[in-house]
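**Student:** Heads up: the sequence shown runs through residues 1261 to 1337, numbered per our numbering.
Backbone N, C-alpha and C fix where the C-beta goes; we use that ideal spot for every residue, glycine too.
Just dropping this structure here.
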Amino acid sequence: MFGEYVPLRAEIANVPHFSAHADAGQLLDWLRGAPAPHTTYLVHGEPDAAATLRERIDRELGWTAVVPRSGEAVLVR
1261 MFGEYVPLRA EIANVPHFSA HADAGQLLDW LRGAPAPHTT YLVHGEPDAA ATLRERIDRE
1321 LGWTAVVPRS GEAVLVR
C-alpha cells in the first residue's frame, strides 16, 4: 500500500442472498441472522432514511448503530 508491504489482517466473508435493493424490513430480517457486532455503521442511503434505519436497528435489535458524518474516519478493530 503506497509502495509498502502491509500485513494482511483481513478475511473474505461470503454473504449469500444479500440484495442492494432490500427495504428496511428486509435488511433487519437479514441482520437478525447475524451475530451482534460491536457497532453497525450505516454508510449508504439518504441521511433521513439512514437515521430512521439506525433508530430501528437500535430499537428492534438492541444494537449500537451509527450514521457517520461525511468524511468522518472510524478505526475498525
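Could you pull the start and end residues of the alpha helix (DSSP H) that P1307 belongs to?
**Tutor:** Segment P1307 to R1316, the alpha helix (DSSP H) holding P1307.
**Student:** With distances taken Cα to Cα, identify the nearest neighbour of P1297 among H1281, A1311, P1267 and V1326.
**Tutor:** Among H1281, A1311, P1267 and V1326, the Cα nearest to that of P1297 belongs to V1326.
**Student:** In three-state DSSP terms, what is A1325?
**Tutor:** Of the three classes helix, strand and coil, the one that applies to A1325 here is strand, per DSSP.
**Student:** Between L1287 and P1276, what straight-line distance do the alpha-carbon atoms span, to the nearest angstrom?
**Tutor:** Cα to Cα, the separation comes out at about 13 Å.
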